[in-house]
Every structure is written in C-alpha cells, then in structure tokens.
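Numbering (our numbering), first residue to last: 1 to 179. Glycine residues also receive a C-beta, built at the ideal position from the N, C-alpha and C atoms. Since we're looking at a predicted model, the values are computed, not measured. Take a look at the structure set out below.
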C-alpha cells in the first residue's frame with residue numbers, strides 16, 4: 001500500500017476538449033467525410049473556438065474556467081443559443097467581449113484539434129487527455145464523479161498511462177447526467 005503522507009511528484013496532464021460535446025463538452029474531425037447532421041453540429045462549434053482563442057490570449061487556465069461556464073449553460077441549462085451562451089460566459093468570467101468574434105473563425109480551434117490528434121491518433125474524438133506525455137481518447141464520462149471516485153479514476157488513468165502495452169478500453173454508454 002502506498003504511503004499517502006509522502007508527497008507525489010506532479011504529473012503533467014493536458015486536456016483537449018470541446019464545450020459543445022455532450023460527452024467531452026466533440027471537436028471537429030477534420031479530413032473526414034461526416035454525415036450531414038454531424039457536419040452541421042461541428043460547424044456550430046463556436047464555444048470551442050472561443051475557448052481556443054481565450055487560451056491563445058490568456059493562457060491555459062482560462063479554457064477550464066470558460067469550459068465550466070459554457071458547459072453549464074449548454075448541458076445543464078440546456079441553452080443551445082450559443083451566441084448568448086458565449087456572451088454570458090465571457091461576462092461571468094470578466095473576459096473581453098471581443099473574444100466572441102472567435103466563434104466564427106477556425107484557426108485556433110484547428111491548431112488545438114491537431115495537437116490533440118497528434119497526442120492520440122486520428123481515430124479519436126474528444127476528450128483527449130495526456131497523462132505524463134501519454135495520450136488517451138477519454139475518459140468519456142456520463143456523469144461527474146465525486147471525491148473518492150474522481151481520485152480513483154485519475155489514479156487509474158495514471159496507471160494505464162504507465163502501462164506501455166495498454167491501447168484501449170471501452171464499454172457502452174449509459175444515460176447522461178451532468179448534474
């Protein structure tokens with residue numbers, strides 16, 4: 001058993017996400033033929049574009065806060081008026097309203113998407129997580145894990161990252177519960 005009184009070394013973790021995806025809060029999958037409904041969904045990726053622009057201007061802590069604000073309105077509040085969601089979220093966080101213009105441009109979003117795909121491969125969607133330099137598609141969650149469950153999930157992800165032969169683990173998805 002591990003001695004919990006001994007501090008652990010920090011493990012670098014990177015998360016690539018899209019605030020409009022119900023499973024990852026799904027980023028655009030470039031260079032692929034998409035069904036028309038999915039192409040339309042990805043074309044509405046304004047919140048993800050705004051997160052990418054906010055990161056470019058304000059650093060990598062801002063997208064996490066913005067993701068929470070956007071995702072809460074989109075998934076919990078069920079608001080699909082993305083222009084309103086973006087404006088309200090930027091205002092809530094005290095970010096410049098001018099970032100809303102990024103909702104209709106792709107440069108920053110495509111660069112972030114490419115970095116995520118390079119970390120895990122072209123067959124992945126979002127979320128993409130890297131733990132100590134090892135990229136994964138997932139974990140895809142249908143509800144938010146609480147306290148001990150969240151810690152166990154993170155530790156298990158670290159264990160998988162440290163297992164060189166590990167490639168994939170998947171099971172069916174249950175009902176979504178974003179509360």
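* residue 89, buried or exposed, once every other Cβ within 10 Å from all chains shown has been counted against 16 -> Counted from its first residue, the chain shown places residue 89 at position 89. Its Cβ being crowded by 16 or more others within 10 Å, residue 89 is buried.
* Element boundaries [beta strand (DSSP E), containing residue 137] -> The count along the chain shown starts at 1 and reaches residue 137 at position 137. Here the beta strand (DSSP E) through residue 137 covers 134-137.
* To do: Run the proximity test for residue 133: is its beta-carbon closer than 7 Å to any non-hydrogen atom belonging to the ligand ADP?
  => Inclusion of the ligand ADP in the displayed structure is not the case, the ligand content being empty and no account of it being possible.
* Would you mind reading off the limits of the alpha helix (DSSP H) that contains residue 85? => Locating residue 85 in the chain shown gives position 85, counting from the first residue. 82-93 is the span of the alpha helix (DSSP H), which, as asked, contains residue 85.
* **residue 131 - DSSP class collapsed to helix/strand/coil** => On the chain shown, position 131 is the one that residue 131 refers to. Strand at residue 131.
* **Buried or exposed (CB count within 10 angstroms, at least 16 for buried), residue 127** => What you label residue 127 is simply residue 127 of the chain shown in a count that begins at 1. It counts as buried.
* To do: Please list, in chain order, all residues of the same chain as residue 84 whose beta carbon is under 6 Å from its beta carbon, the five residues on each side excluded.
  => For the purposes of this step, residue 84 is taken as residue 84 along the chain shown, with counting starting at 1. If we look at residue 84 and ignore the five residues flanking it on each side, it has no Cβ neighbours.
* Closest to residue 50 by CA distance: which of 97, 78, 130, 77 is it? -> Locating residue 50 in the chain shown gives position 50, counting from the first residue. If we check each option's Cα against that of residue 50, 97 comes out closest.
* Boundaries (first-last residue) of the alpha helix (DSSP H) holding residue 46 -> Position 46 of the chain shown holds residue 46. Element bounds for residue 46: 46-58.
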